[in-house]
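Here the sequence shown is numbered in this note's numbering, starting from 1 and rising by one per residue. Notes for the one structure printed next.
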Amino acid sequence: MKTIAALGAAGVLALSGFAAPVKVIFDTDMITDFDDVGALACLHALADAGECEILATVSSTRGNASVGAIEVINHYYGRPGLPVGAPKGMGVMGAKPGAKEKVDPKSPLGGKSGNDGGHYKYRKLLADYPGWYRHADADDAPDANETYRRVLAAQPDGSVTICSVGFTTNMRRLLETGPDAISPLDGKTLVAKKVKLWVAMACQYPFGQEYNSKWDSESSRIAFSQWPTPIVFSDAKYGRDCFAGRAVAEMDGPRNPVKDVFAGNIPPREEIRKDSAKWLRRCFGMGGRAAWDETAVLVAVRGIEPYFNSERGTFRMVGGKGDNEWAPDAENGPHVRITEKVSKAEVARVIDELMTRKPKHGVEQSKHEKAP
Ligand SMILES: [Ca+2]
Numbered sequence: 001m002k003t004i005a006a007l008g009a010a011g012v013l014a015l016s017g018f019a020a021p022v023k024v025i026f027d028t029d030m031i032t033d034f035d036d037v038g039a040l041a042c043l044h045a046l047a048d049a050g051e052c053e054i055l056a057t058v059s060s061t062r063g064n065a066s067v068g069a070i071e072v073i074n075h076y077y078g079r080p081g082l083p084v085g086a087p088k089g090m091g092v093m094g095a096k097p098g099a100k101e102k103v104d105p106k107s108p109l110g111g112k113s114g115n116d117g118g119h120y121k122y123r124k125l126l127a128d129y130p131g132w133y134r135h136a137d138a139d140d141a142p143d144a145n146e147t148y149r150r151v152l153a154a155q156p157d158g159s160v161t162i163c164s165v166g167f168t169t170n171m172r173r174l175l176e177t178g179p180d181a182i183s184p185l186d187g188k189t190l191v192a193k194k195v196k197l198w199v200a201m202a203c204q205y206p207f208g209q210e211y212n213s214k215w216d217s218e219s220s221r222i223a224f225s226q227w228p229t230p231i232v233f234s235d236a237k238y239g240r241d242c243f244a245g246r247a248v249a250e251m252d253g254p255r256n257p258v259k260d261v262f263a264g265n266i267p268p269r270e271e272i273r274k275d276s277a278k279w280l281r282r283c284f285g286m287g288g289r290a291a292w293d294e295t296a297v298l299v300a301v302r303g304i305e306p307y308f309n310s311e312r313g314t315f316r317m318v319g320g321k322g323d324n325e326w327a328p329d330a331e332n333g334p335h336v337r338i339t340e341k342v343s344k345a346e347v348a349r350v351i352d353e354l355m356t357r358k359p360k361h362g363v364e365q366s367k368h369e370k371a372p
């Protein structure tokens, strides 16, 4: 069994420059912000280049268009059959974090004033790309536990990287699964046997509330404290001023769902320039949107070394309100947090280059030119 003690954070630091394609399960909230779309686009571009193999793409939210949005992007890149899933019975519901009510998938599209926390962009994606998805409502998708267990059971030992850019609900639920028809192993044993690494976009460094950790904080507490493999964190501080996506928003050529999402949600340069409060500049920058999730994909597929330095330490959830802390521990820290190495502008250029690549096996562009 591969444990943190056996491989250790020190071993993670050497995990770069993989010769074989990295086997990745991608776990995203796809509920409000849209760096998730950039991250999934980067992952597909890296798969097209033979750098990774995408095993599954699951949502960490439910009662919304998250799974359908994932499927639209998978379809664009010519991988419409990728396994998907969503949590059942717990987790962040609806289109606004913490919402108790389900959002009606048939509700009017487009308006930015609705109480949907920004999920309108994903419902719009489904409306604009009809026929490109199988699950309009994430609640109709398979249980993420089943997807995880089926995919993991079929893979070689110690071969799978999980890249999470959303909530931790699925990881917690997976750890709590028991033996079933898919595998005689319980969740924790299955993870320890099959998973090499969990790359998590999480952690407010050095202390605070981070979006992905806090909204299902009990799952974060359980998952991060009980996870039996190394974990690398791409923390909120790293990504918040690494801006990417304007390149894809402004690229020439036919429309596509990645371009649509970024073009529809990045403010014009002039608007940012005039923003006296500098709020837009902090959120978007001239380069696009903060690339929290895309950096996690780079780490998952290319490793830490090409673009990042790192710090060993311990991540833990503290209290009951979704706070976390990071305690540096260069000698014995079980976790790793990425830090700056090459400039963030250079990292953003790498991300932009990936996001603007034409899909290798993508659908015929002409087929969706007719969409509104
Ligand atoms: Ca996300």
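Glycine residues also receive a C-beta, built at the ideal position from the N, C-alpha and C atoms.
For D216, the CB stays at least 8 Å from every heavy atom of ligand 1.
With a threshold of 16 other beta carbon atoms within 10 Å, S219 meets it and is buried.
Secondary structure note for R282: its alpha helix (DSSP H) is the uninterrupted segment 279 to 283. Counting C-beta pairs closer than 8 Å gives fewer than three between the segment 31 to 40 and the segment 303 to 315, which falls short of the contact rule. Per DSSP, the beta bridge partners of P328 are G313.
Taking the C-beta atoms as reference points, M251 is found nearer than 9 Å to T356.
Between the beta-carbon of V258 and that of A41 there is about 5 Å, and that keeps the pair under the 8 Å contact cut.
Closest in C-alpha terms to R123, from the list D216, A45, A69, F315, comes A69. When only Cα atoms are considered, L82 and Y133 end up about 11 Å apart. Taking 8 Å as the upper bound for CB-CB distance, Y148 and I25 are in contact here, some 7 Å apart. Within the segment 17 to 58, the runs of beta strand (DSSP E) that reach at least 3 residues and sit entirely inside it are, in chain order, 22 to 28. Taken atom to atom, the span from the alpha-carbon of A154 to that of N170 is near 19 Å. At the C-beta level, D241 and R282 come within 9 Å of one another. Assigned with DSSP and collapsed to three states, L185 falls in coil, not helix or strand. By the Cβ test, the segment 210 to 217 is in contact with the segment 316 to 325, since at least three Cβ pairs between them sit closer than 8 Å.
Look at M30: its beta carbon is less than 8 Å from one of the heavy atoms in ligand 1.
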